[in-house]
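Counting in this note's numbering, the sequence shown runs from 168 upward without gaps. Beta carbons: idealized from backbone N, C-alpha and C, even for Gly. Here the structure is laid out as structure tokens; the discussion comes afterwards.
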Amino acid sequence: MSCCHADEYSSLFGGGEATVRSWVFRRLGLHGSARRAAALAADAGDPRATLLEVGGGLGEIQIRLLEDDRAATSTNVDLSTGWERRADELLDERGLSDRVDRRIGDVVDDVDDLPTADLVVGHRVLCCYPHWERMVDAFAALTRRRLVVTLPVDRRRTRAFMAVANRLLARRGDFRTHVHPVDAVLDRFADRGLEVVGDDVGLAWRTIALEPARPTEV
């Protein structure tokens, strides 16, 4: 089950936000947790690596990794159609259109149709999905070399902020944001064979890098 209907998601994400974000990216580049996510992914990237970004929106992180030669190609999957016009403009400007495959869809529902990738990025996407276990399983199935996820810091004040945000969102539809239990999320990743190799905790967001566990030497 998707976190919300695609038409509702498109009305919330993209459109005017895409215009603002493209303007900011052109002038300031990446910032905040997006910059940290890109850095953690870049550490495991190389000029031949494949990249999959889930909920990539406008695609700023993948653009940075492609331009820095930390990935050769990228697949972007997002529920919202509202990003596409501005995303295509950015890719055309930077000569990257032939290196990015942009798809509309849900990683959980479409996991069997998506390519596995050396690098997988899920920046601020787990918090949009109520059934986080299914998204964790999809991430694990798609990751070959490194996974980077950003999720809300599991603190009381974060939950209070999300509660206020959800009251506002309730006026527009059924979509809600979630502060999932980070320890439980990491335990499920571990059960799926992924171990933490990097962990950056900010005021509101926690960005975590995971890799397939290496066999224990005997």
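Residue interval of the alpha helix (DSSP H) (run including Leu225): Within the sequence shown, numbered from 1, the residue matching residue 225 stands at position 58. First-last for Leu225: undefined, no H or E at that position.
Three-way DSSP call (helix, strand, coil) for Gly196 in this model: Here residue 196 refers to the residue found at position 29 of the sequence shown. In the structure shown, Gly196 sits in coil (DSSP, three-state: anything other than H, G, I, E or B).
Buried versus exposed call for Asp276 [16 or more other C-beta atoms within 10 Å across all chains shown]: Numbered from 1 along the sequence shown, position 109 holds the residue referred to as residue 276. Label assigned to Asp276: exposed.
Contact under 8 Å by Cβ, Ala204 with Thr374: Translated into the one-based positions of the sequence shown, residue 204 becomes position 37. Translated into the one-based positions of the sequence shown, residue 374 becomes position 207. Contact: yes.
Limits of the unbroken beta strand (DSSP E) element including Trp372: Along the sequence shown, one-based indexing puts residue 372 at 205. That run of the beta strand (DSSP E) goes Trp372 to Pro379.
Sequence-distant residues of its chain with Cβ nearer than 7 Å to Val274 (five each side left out): The sequence position of residue 274 within the sequence shown is 107, counting from 1. Val221, Val244, Leu281, Met302 and Ala305, listed in sequence order.
Simplified DSSP assignment, three categories, for Ser247: Taking the sequence shown and counting its residues from 1, the one referred to as residue 247 is at position 80. In the structure shown, Ser247 sits in coil (DSSP, three-state: anything other than H, G, I, E or B).
Alpha-carbon to alpha-carbon, Leu314 and Glu227: Indexing the sequence shown from 1 puts residue 227 at position 60. Indexing the sequence shown from 1 puts residue 314 at position 147. Near 17 Å, if we compare the C-alpha coordinates of Leu314 and Glu227.
For Leu232 and Glu184, the rounded distance between their alpha carbons: Within the sequence shown, numbered from 1, the residue matching residue 184 stands at position 17. Within the sequence shown, numbered from 1, the residue matching residue 232 stands at position 65. If you take the alpha carbons of Glu184 and Leu232, they lie about 22 Å apart.
Beta-ladder partner(s) of Thr310, from DSSP: Position 143 of the sequence shown, counting from 1, holds the residue named residue 310. DSSP output for Thr310 lists Ala284 as bridge partner(s).
Reference Ala284, options Ser200, Asp259, Leu318 and Glu378, closest by Cα: As a working mapping, residue 284 is identified with position 117 in the sequence shown. The candidate whose alpha carbon is nearest that of Ala284 is Glu378.
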